[in-house]
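Residue numbers (full-length UniProt numbering), protein chains in the order written: chain E, 1 to 316; chain H, 1 to 316. The beta carbon of each residue, even a glycine, is placed where N, CA and C say it ideally should be.
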């Protein structure tokens, strides 16, 4: 396991390592959305990734980086959904066992995704303490290797490959927008922009109802959100020491958006790009829409993070 | 305007002609759907095409094939939706005027799409006679060039480029499934398979509630559907002489599916591919699901035709 902030070579190696297992996701465009924003937009569709989210990249890279004797005892994690599916997929592909501690209020589509991949599910109360205790028990019982959803340099290096791919396909981007929850994707995006971009500036979108990252970004230490209440169920966690350090070094700014703004952005993406995204995934585009005046005529990459949503529960 | 059945060179020329304006749409895959069908599936995502449907290909090819003096008087058509948007887009791109006769019960999202592209809309009763009379008036008044949605060899050659692209990306397909309404896409698919495929067999899906093509396919003459009642609003029209002739020459079989089967296929695609398709677009996949026993271990291309659907009206 990597013990230092991923270097350029680590991200290149991660990409090589996971390439046989992941999808090179398409980059979609829309004349209508370009006109609406006064910019050129390039949507990197990680909702079309294996397990329907970018998390496949980080989970696979972390699992593939383990020594065989560790891998054979299984891997485990706690997650509200997409990282859980990523670890379950990695275990299935690498012929080992996955143990997943999931908050009992996780979306059904994400629970089913984990079950379907053959992982063992352990439900817990929906708070960080219960999640961490659940994992502790698994480690004691089975000796399984814990793969944290974001506070893990191999996971971060894996997530970084999404924007690496985007910049390889679209070499002249001015900036990239990504969502921020625990910060795995955002810190990976920041590193890739730094290593592979030509002066690419990275911005983040965060829900107002889980606004810890913006506070941590300002105070330069881990803060909690003042309150948790948002439709963006994938972005509820706080930053970690590892992700905050990288974000402070590589990210220009974080913009917060309301649930109303998230839903408006989500609807635009459904209508114009004809793809299904989960609410968390609409957050960076919502952030751009709100601040579009500052980004006129720019070439902007937007990482669409995932598409695991119970459609019956969304109101159009 | 082309007066003969498109030859290989016509389809190659059509592809060159429209390439600057269209999207090379992605081909998506799903392990889950492969397992479900016992086959390898390659979904060609024309719902991610400009205007959200393959119709952009045919409309653009027909408009681009017109002499300049004809084009300058404008182009016109009648259509329940996607072809209308294609003609509106072609007129916008080529700086001419589009006149669109649309049945007044066309889906709102398709009406709005046409309006947004700056075309002039003329509403009519939802039957073929009213549509044809509407177009006649436009031609008399403005001298605009009529581009039929499917009974037009340039349109057929344009639609053929979708499966040409698919076979270029995936060279070892055994068969391709396409939907059939008027037969423009299906006849184009049949021609491309014949010219560019290595023994690729073409099959069609048709709604039970608009089942004219299967009758025409059997009797070898244009038949009407016994009744019209289906959620697949893009597949209500009959075949034409031009499309039937090509279909009889190039298509192996046509399978009908119920609305229930269409909706089940649609839901699977939403859940597994994370893309938005309109009900008509789910028809070929529904046809494959229903007949999967005959297609075990095959490599199957499926043309996903369009994504223009009022999501608020779909029940999940």
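Give me the residue from the options with the minimum Cα distance to residue i.
i: residue 191/H; options: 271/H, 244/H and 257/H; result: 244/H
i: residue 207/E; options: 195/E, 8/E, 158/E and 281/E; result: 281/E
i: residue 65/E; options: 143/E, 147/E, 180/E and 195/E; result: 147/E
i: residue 107/E; options: 257/E, 233/E, 100/E and 237/E; result: 233/E
i: residue 93/E; options: 118/E, 27/E and 177/E; result: 118/E
i: residue 6/H; options: 299/H, 90/H, 45/H and 152/H; result: 152/H
i: residue 68/H; options: 1/H, 57/H and 80/H; result: 1/H
i: residue 86/E; options: 268/E, 70/E and 116/E; result: 116/E
i: residue 308/H; options: 32/H, 157/H, 109/H and 83/H; result: 109/H
i: residue 91/H; options: 60/H, 111/H and 113/H; result: 60/H
i: residue 223/H; options: 230/H, 229/H, 231/H and 210/H; result: 210/H
i: residue 32/H; options: 271/H, 294/H, 80/H and 12/H; result: 271/H
i: residue 45/H; options: 290/H, 165/H and 257/H; result: 165/H
i: residue 12/H; options: 57/H, 28/H and 290/H; result: 57/H
i: residue 269/H; options: 266/E, 52/E and 301/E; result: 52/E
i: residue 321/E; options: 256/E, 250/E, 20/E and 289/E; result: With chain E covering 1 to 316 only, the question about residue 321/E has no answer from this structure.
i: residue 29/H; options: 225/H, 4/H and 273/H; result: 273/H
i: residue 251/H; options: 18/H, 278/H, 257/H and 220/H; result: 220/H
i: residue 155/E; options: 302/E, 310/E, 10/E and 132/E; result: 10/E
i: residue 319/H; options: 135/H, 167/H, 311/H and 197/H; result: Residue numbering for chain H in the displayed model covers 1 to 316; residue 319/H lies beyond these limits and cannot be assessed.
i: residue 18/H; options: 3/H, 55/H, 242/H and 4/H; result: 55/H
i: residue 140/H; options: 20/H, 73/H, 63/H and 292/H; result: 73/H
i: residue 301/E; options: 249/E, 88/E, 197/E and 313/E; result: 197/E
i: residue 256/H; options: 14/H, 3/H, 225/H and 199/H; result: 225/H
My assumption, with CB atoms under 8 Å, is that residue i sits in contact with residue j. Please give the rounded CB distance.
i: residue 50/H; j: residue 22/H; result: 6 Å
i: residue 275/H; j: residue 183/H; result: In fact, because the Cβ distance is near 25 Å, the residues do not count as touching under 8 Å.
i: residue 179/E; j: residue 305/E; result: 5 Å
i: residue 170/E; j: residue 42/E; result: 5 Å
i: residue 188/E; j: residue 236/E; result: No, residue 188/E and residue 236/E are not in contact; Cβ-Cβ is about 19 Å, not under 8 Å.
i: residue 77/H; j: residue 48/H; result: In fact, because the Cβ distance is near 23 Å, the residues do not count as touching under 8 Å.
i: residue 254/E; j: residue 204/E; result: 4 Å
i: residue 96/E; j: residue 128/E; result: Not confirmed; about 26 Å, so no contact.
i: residue 335/H; j: residue 259/H; result: The shown model of chain H, from 1 to 316, leaves out residue 335/H, and the question about it has no answer.
i: residue 144/H; j: residue 114/H; result: Their Cβ separation, rounded to whole angstroms, is 15 Å, which puts residue 144/H and residue 114/H out of contact at 8 Å.
Could you tell me whether any Cβ in chain E is nearer than 8 Å to the Cβ of residue i?
i: residue 59/H; result: no
i: residue 67/H; result: no
i: residue 81/H; result: no
i: residue 307/H; result: yes
Is there a Cβ of chain H sitting closer than 8 Å to that of residue i, yes or no?
i: residue 185/E; result: no
i: residue 311/E; result: yes
Cβ of residue i less than 8 Å from any chain A Cβ?
i: residue 257/H; result: Absent from the structure: chain A. Protein chains present are E and H.
Legend entry - Contacting positions in the stretch 271-303 of chain E - beta carbon closer than 7 Å to chain H: 274, 275 and 276
Legend entry - Sufficient close CB pairs (3 or more, under 8 Å) joining the stretch 122-140 of chain H to the stretch 90-104 of chain H: yes
Inset, instruction - Taking 8 Å as the threshold, find out whether the stretch 37-45 of chain E comes into contact with the stretch 281-297 of chain E through three or more Cβ pairs. - result: yes
Inset, instruction - Please name the residues in the stretch 36-54 of chain H whose beta-carbon is closer than 7 Å to at least one beta-carbon of chain E, in chain order. - result: 47, 48 and 52
Inset, instruction - Assess, as a yes-or-no matter, whether the stretch 162-182 of chain E is touched by the stretch 192-201 of chain E under the definition of 3 or more beta carbon pairs within less than 8 Å. - result: The stretch 192-201 of chain E makes contact with the stretch 162-182 of chain E: 3 or more CB pairs, one atom from each, lie closer than 8 Å.
Inset, instruction - Please confirm if the stretch 159-169 of chain H is in contact with the stretch 204-219 of chain H, defined as three or more CB-CB distances below 8 Å between the two stretches. - result: no
Legend entry - Positions along the stretch 11-32 of chain E whose CB lies within less than 7 Å of some CB in chain H: The stretch 11-32 of chain E vs chain H, Cβ under 7 Å: 26 and 28.
Legend entry - Interface positions of the stretch 88-120 of chain H facing chain E (Cβ-Cβ less than 7 Å), listed along the chain: Answer in chain order: no residues at all.
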